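Okay, so the sequence shown: first residue is 0 according to numbering that gives the first Met the number 0, each after it adds one.
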Amino acid sequence: MKTTLLILGLLFAVILQATLVPFITLWGVSPNLILVLILILVILKKFEKVWWLIILSGLFLDSLAGLPFGLVSLSLISTAYLIDRFNQSIFSRIKFWVLTILVILGSLVYNILLFGLGIVFQAEVVFSLRYLLIEIVCNLIITLIFYAGFKKIFR
């Protein structure tokens with residue numbers, strides 16, 4: 000039941016990310032709904048249990064993103080793995096400030112990976128510090144909204 004709910008939720012989030020979220024902007028920057036959901040999922044569960052959901056949502060997003068296929072998936076899976084390793088090696092319990100730090104780090108890592116892989120794949124991916132800072136704020140707001148719901152489902 001939880002797995003079906005997760006798949007449907009991530010599929011719905013991918014559709015929202017591709018259609019509605021680009022119109023919800025803060026100084027021209029949209030939140031990355033999929034990244035936030037995946038980071039919360041990886042923080043609450045272990046990477047080994049949800050890697051296939053990350054790849055699945057990344058592939059769905061790749062098919063709608065307009066970037067070279069696999070660029071978003073590779074960035075998402077790498078970010079999720081790194082954040083999970085960092086979380087397991089540094090933090091023993093998940094508290095709100097830990098979640099905040101991990102979402103900030105995840106947003107930084109994801110955008111740096113996306114930019115770096117964009118160079119490798121010769122795709123036009125814009126990297127701006129202003130854009131990155133605003134996206135981090137947007138992602139933190141989305142995290143506040145979704146974390147309580149995820150915590151009730153998975154704890």
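A virtual CB, placed ideally from N, CA and C, is assigned to each residue, including glycine.
Bear in mind that the values here come from a model prediction, so they are computed numbers and not experimental data.
- Taking a contact to require three or more Cβ pairs closer than 8 Å, the region 73-81 and the region 44-53 qualify as touching.
- Partner residues in a beta bridge of Leu10, as assigned by DSSP, do not exist.
- In this structure, the straight-line span from the alpha carbon of Leu131 to that of Leu9 is close to 23 Å.
- Per DSSP, reduced to three states, the secondary structure at Val124 is coil, with no helix or strand assignment.
- Straight-line spacing of the CA atoms in Leu116 and Ile103 works out to 20 Å.
- Closest in C-alpha terms to Cys137, from the list Tyr146, Ile89, Ala12, Asn31, comes Asn31.
- With a 10 Å radius around the Cβ and a threshold of 16 neighbouring Cβ atoms, Val108 comes out buried.
- Assignment of beta-bridge partners to Val28 by DSSP yields Leu25.
- Within the region 33-69, the complete alpha helix (DSSP H) segments of 4 residues or longer fall at 46-64, listed in chain order.
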